[in-house]
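So the structure is just underneath, and the comments pick up after that.
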Amino acid sequence: MLEIRDLECAYGPVTALRGITLDIGEGELVALIGANGAGKSTTLRAISGLVKPKAGSIRFCGEDIGGTDPARIISRGIAHCPEGRRVFPYMTVAENLMIGAYLRSDSAAVRDDMDRVYTDFPRLKERRSQAAGTLSGGEQQMLAIGRAMMSRPKLMVFDEPSLGLAPTIVEQTLSIIRRINDAGTTVLLVEQNAFAALELCDHAYLLEIGRIVRRGSGDDLMADPKVRSAYLGGE
Numbered sequence: 001m002l003e004i005r006d007l008e009c010a011y012g013p014v015t016a017l018r019g020i021t022l023d024i025g026e027g028e029l030v031a032l033i034g035a036n037g038a039g040k041s042t043t044l045r046a047i048s049g050l051v052k053p054k055a056g057s058i059r060f061c062g063e064d065i066g067g068t069d070p071a072r073i074i075s076r077g078i079a080h081c082p083e084g085r086r087v088f089p090y091m092t093v094a095e096n097l098m099i100g101a102y103l104r105s106d107s108a109a110v111r112d113d114m115d116r117v118y119t120d121f122p123r124l125k126e127r128r129s130q131a132a133g134t135l136s137g138g139e140q141q142m143l144a145i146g147r148a149m150m151s152r153p154k155l156m157v158f159d160e161p162s163l164g165l166a167p168t169i170v171e172q173t174l175s176i177i178r179r180i181n182d183a184g185t186t187v188l189l190v191e192q193n194a195f196a197a198l199e200l201c202d203h204a205y206l207l208e209i210g211r212i213v214r215r216g217s218g219d220d221l222m223a224d225p226k227v228r229s230a231y232l233g234g235e
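So the sequence shown is numbered by the UniProt record's numbering: it starts at 1 and just counts up by one.
Below is the structure:
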């Protein structure tokens, strides 16, 4: 479904990605782990059209999308749940959700999807007329996920969904991501909690200073002594 080949990205003179290659098959849940500054978020931003590649290619469902306008990428079936949730604080929960469907014209199906989000996240239904900025961190994360779901994506990319959340909410959030994947949506997950990400995923990639240095199943990476020592707190 998603094929990245020799991708390079830079911010001015600073190179963030140094020729990474990765693949995500339809229906998979793939994790991207690594230290802060390794290039994880840049990878997601390049996929979503927020960063233009310096070199290499990004293909989604057979189409080259590298450097494509973000709105077109959304219309092709990729939704991005950004780090920090980025809800619109002065708009209501319902208005935030509708923004996720702003490129759609199938109003009846949009209403059905809104009902589905409210079924998946009853707390959002209770607060649908409330300003998003007044929600708790966990509720805002639910809203960010629900907003992304409203575009009916084929691929959802999550950037640090557990950041700043209480442990019980982290567990709930990761469970929601698993459920989304089980329902048929392909997932690319960037997650600071490497153990949780590797436990959840089908396949994983380890980024270090803009390069992929390890790849394999979640179990493979958890069993790797270097990965355990550097990212899992083990020996």
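The C-beta atom is built at its ideal place from N, Cα and C for all residues, glycine as well.
D23 lies in the alpha helix (DSSP H); which residues open and close that run? Looking at the DSSP string, D23 is not in any alpha helix (DSSP H); the run it does join, the beta strand (DSSP E), is V14 to I24.
The alpha helix (DSSP H) that contains T43, what's its start and end? K40 to I47
For a quick check, are the C-beta atoms of G84 and P153 less than 8 Å apart? no
Rounded to a whole number of angstroms, what is the C-alpha to C-alpha distance between Y205 and T21? 10 Å
Just to confirm, are T42 and L32 a CB contact at a threshold of 8 Å? no
Helix, strand or coil at R68 [DSSP, three-state]: The sequence as given places Thr at residue 68; Arg does not occur at that position. Reduced to three states, the DSSP call for T68 is coil.
Three-way DSSP call (helix, strand, coil) for I4 in this model: strand
Would G56 pass as a contact of I73 if the rule is Cβ separation under 8 Å? no
Cβ-Cβ distance between V227 and L188 below 8 Å: no
Per the DSSP calculation, E63 is bridged to which residue(s)? F60
Selected residue, minimal CA-CA separation from K52, among V110, L221 and L7: L7
Ignore the nearest five residues each way along the sequence and tell me which others in E199's own chain have a CB closer than 7 Å to its CB. G218
Where does T92 sit, in a helix, a strand or coil, going by DSSP? strand
Does the contact criterion of 3 or more C-beta pairs under 8 Å hold for the segment 175-184 versus the segment 208-215? no
Beta strand (DSSP E) containing T186: first to last residue? T186 to V190
Is the Cβ-Cβ distance between L207 and G39 less than 8 Å? yes
Comparing C-alpha positions only, which one of G133, L143, D120 and T68 sits nearest to L97? L143
Same chain, Cβ closer than 8 Å to L103, five either side skipped, listed in chain order: A71, I74, S75 and S151
Which whole runs of the alpha helix (DSSP H) in the segment 141-229 are 4 residues long or more, in chain order? 167-182, 194-200 and 218-223
Report all residues from its chain with a CB closer than 7 Å to the CB of R123; omit the five preceding and five following residues, and keep chain order. E139 and M142
Given this structure, state the Cα-to-Cα distance separating T168 from R45, to the nearest angstrom. 28 Å
Cβ of I4 within 8 Å of Cβ of I65? no
Below 8 Å between beta carbons: does that hold for A131 and Y90? yes
With DSSP as the reference, label Y102 as helix, strand or coil. coil
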